[in-house]
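Participant: One structure is given below, represented as structure tokens, and several questions about it will come after.
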Amino acid sequence: MSTTAPPLVETRDLAVNYGGRCALRPTNLVFGQSESVAIVGRNGSGKSSLLRALCGQEPGASGEVILHAERCHHRRTGVEIAYVAQRVQARWDLPFMVAEVVLAGRPRRARWRRVDQSDRNAVEAALETVGLAGFGGRSVRELSGGQAQRVLLARALVQEPDVMVMDEPLTGLDMESAEAVTSLIGRFVAEGRLVCCAIHEIAIARAAFGRTVALIDGAVAADGPTADVLDAEGVERVFIGHMDR
2 MSTTAPPLVE
12 TRDLAVNYGG
22 RCALRPTNLV
32 FGQSESVAIV
42 GRNGSGKSSL
52 LRALCGQEPG
62 ASGEVILHAE
72 RCHHRRTGVE
82 IAYVAQRVQA
92 RWDLPFMVAE
102 VVLAGRPRRA
112 RWRRVDQSDR
122 NAVEAALETV
132 GLAGFGGRSV
142 RELSGGQAQR
152 VLLARALVQE
162 PDVMVMDEPL
172 TGLDMESAEA
182 VTSLIGRFVA
192 EGRLVCCAIH
202 EIAIARAAFG
212 RTVALIDGAV
222 AADGPTADVL
232 DAEGVERVFI
242 GHMDR
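Now the structure itself:
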């Protein structure tokens with residue numbers, strides 16, 4: 002964690018259980034501003050469970066997620082977390098326009114407030130930011146995989162979050178789309194925000210993320226600078242070995 006930025010998010014004994022199966026063992030982590038954090042591990046190691054629990058989207062979670070509201074931008078009363086799920090979890094066969102999908106991410110602090118020009122402007126700005134200016138009127142059925150992933154990012158950006166939690170956003174993307182996504186992550190962090198991203202691409206994790214949390218069998222096996230966690234020995238341990246019991 003950065004030594005100069007105050008913490009935004011803490012987990013205290015955060016765990017996830019599905020019936021009798023433990024997907025995430027009690028976990029204690031601290032995340033701060035201007036951090037890019039890669040969450041790595043083999044399939045089934047607990048990455049998605051951790052991210053969903055961070056966002057309050059995991060019904061099997063226990064423990065606590067502490068959000069430091071007093072540290073956020075003065076215009077808010079709390080830490081705003083945006084969750085970008087895996088692209089394959091979204092329904093791209095439904096008859097929605099790109100702008101409608103992005104607009105769905107816009108926060109509604111009053112249920113009765115109608116969509117206004119500020120919302121439309123935010124959608125246009127987010128689409129331009131992700132390189133999809135002019136795509137608002139297109140059907141989501143027409144999108145490529147890379148374009149669909151960027152629509153999900155735009156949907157998160159219009160939430161104006163302090164924290165972006167992303168579940169394998171680079172899976173299945175070509176090099177150009179992957180570079181566009183990592184560039185957006187870099188810009189987000191440069192603005193003083195926090196990104197936590199589950200990722201399989203080790204080379205990208207080393208290049209684009211300053212910190213890495215490695216999970217093995219549902220437990221944190223390592224947490225520190227990416228260069229240290231993902232050295233040759235670390236990669237072998239995380240992706241081949243198991244947690245010592």
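Residue 121 in the working numbering sits at position 120 of the sequence shown; the count goes up by one each step and never skips. Note that the Cβ used here is the ideal one computed from N, Cα and C, for glycine as well. All of these numbers come straight from a predicted model, not from anything done at the bench.
Alpha carbon to alpha carbon, what distance is there between residue 155 and residue 11?
Facilitator: Within the sequence shown, the letter at position 10 stands for residue 11. Within the sequence shown, the letter at position 154 stands for residue 155. Between residue 11 and residue 155, the C-alpha separation is close to 26 Å.
Participant: What separation, rounded to the nearest whole angstrom, lies between the Cα atoms of residue 198 and residue 150?
Facilitator: On the sequence shown, position 197 is the one that residue 198 refers to. On the sequence shown, position 149 is the one that residue 150 refers to. If I take the Cα positions, the gap works out to 14 Å.
Participant: Can you tell me which of 84, 14, 21, 117 puts its alpha carbon nearest to the alpha carbon of residue 66?
Facilitator: Taking the sequence shown and counting its residues from 1, one reaches residue 66 at position 65. Taking only the C-alpha atoms, the option nearest residue 66 is 14.
Participant: In the structure shown, what three-state DSSP assignment does residue 239 receive?
Facilitator: On the sequence shown, position 238 is the one that residue 239 refers to. Note: residue 239 maps to helix in three-state DSSP.
Participant: Applying the criterion that 16 or more other CB atoms from any shown protein chain within 10 Å of the CB defines a buried residue, is residue 55 buried or exposed?
Facilitator: In the sequence shown, counting from the first residue as 1, residue 55 sits at position 54. It counts as buried.
Participant: Using DSSP with H/G/I as helix, E/B as strand and the rest coil, what is residue 225?
Facilitator: To locate residue 225, count along the sequence shown from 1; it is residue 224. Strand at residue 225.
Participant: For residue 200, report the span of its beta strand (DSSP E) as first-last.
Facilitator: Position 199 of the sequence shown holds residue 200. Looking at the DSSP string, residue 200 is not in any beta strand (DSSP E), and its letter there is neither H nor E.
Participant: What first and last residue would you give for the alpha helix (DSSP H) that runs through residue 36?
Facilitator: In the sequence shown, residue 36 corresponds to position 35, counting from 1. From DSSP, residue 36 is part of no alpha helix (DSSP H) but of the beta strand (DSSP E) over 36-41.
Participant: Cβ of residue 87 within 8 Å of Cβ of residue 168?
Facilitator: Against the sequence shown, residue 87 aligns to sequence position 86. Against the sequence shown, residue 168 aligns to sequence position 167. Cβ atoms of residue 87 and residue 168: closer than 8 Å.
Participant: How far does the beta strand (DSSP E) with residue 22 in it reach, from first residue to last?
Facilitator: In the sequence shown, counting from the first residue as 1, residue 22 sits at position 21. 22-33 is the span of the beta strand (DSSP E), which, as asked, contains residue 22.
Participant: Can you name, in chain order, every residue of its own chain whose Cβ lies under 7 Å from the Cβ of residue 49, other than the five neighbours on each side?
Facilitator: By one-based count along the sequence shown, residue 49 stands at place 48. Same-chain partners within the cutoff: 168, 199.
Participant: Sort 182, 228, 153, 222 by Cα distance to residue 26 and report the nearest one.
Facilitator: Here residue 26 is taken as the residue at index 25 of the sequence shown, counted from 1. It is 222.
Participant: Given residue 75, which residues of its chain have a CB within under 8 Å of its CB, disregarding the five upstream and five downstream residues?
Facilitator: To locate residue 75, count along the sequence shown from 1; it is residue 74. Note on residue 75: pLDDT 40, under 50, position unreliable in the model; no value is reported.
Participant: Can you give me the Cβ contacts of residue 18 inside the same chain, cut-off strictly under 6 Å, excluding the 5 residues immediately before and after it?
Facilitator: As a position in the sequence shown, residue 18 is number 17, starting the count at 1. These residues qualify, in order along the chain: 61.
Participant: Is the CB of residue 56 under 8 Å away from at least one CB in chain B?
Facilitator: Reference to chain B is not applicable here, since this structure consists of a single protein chain.
Participant: I need the straight-line Cα distance from residue 73 to residue 152, nearest angstrom please.
Facilitator: Translated into the one-based positions of the sequence shown, residue 73 becomes position 72. Translated into the one-based positions of the sequence shown, residue 152 becomes position 151. Because residue 73 carries a pLDDT of 42, less than 50, the predicted location of this residue cannot be relied on, and no value is offered for it.
Participant: So which of 22, 36, 186, 23 has the shortest CA-CA distance to residue 253?
Facilitator: Since the first residue of the chain shown is 2 and the last is 246, residue 253 is not available in this structure.
Participant: According to DSSP, is residue 10 helix, strand or coil?
Facilitator: Translated into positions along the sequence shown, residue 10 becomes position 9. In the structure shown, residue 10 sits in a strand (DSSP, three-state: E or B).
Participant: Taking C-beta to C-beta, are residue 142 and residue 99 nearer than 8 Å?
Facilitator: For this step, residue 142 is matched to residue 141 along the sequence shown. For this step, residue 99 is matched to residue 98 along the sequence shown. Taking 8 Å as the Cβ cut-off, residue 142 and residue 99 do not qualify as a contacting pair.
Participant: Mapping the DSSP letters down to three states, classify residue 122 as helix, strand or coil.
Facilitator: Position 121 of the sequence shown, counted from the first residue, corresponds to residue 122. Helix.
Participant: So what's residue 172 in DSSP terms, helix, strand or just coil?
Facilitator: The residue you call residue 172 lines up with position 171 of the sequence shown. In the structure shown, residue 172 sits in coil (DSSP, three-state: anything other than H, G, I, E or B).
Participant: Distance, Cα to Cα, residue 44 vs residue 217?
Facilitator: Stepping through the sequence shown from its first residue, residue 44 is reached at position 43. Stepping through the sequence shown from its first residue, residue 217 is reached at position 216. Distance between the alpha carbons of residue 44 and residue 217: 10 Å.
Participant: Out of 34, 32, 28, 33, state which residue places its alpha-carbon closest to the alpha-carbon of residue 51.
Facilitator: Residue mapping note: residue 51 aligns to position 50 of the sequence shown, counting from 1. Considering only alpha carbons, the answer is 28.
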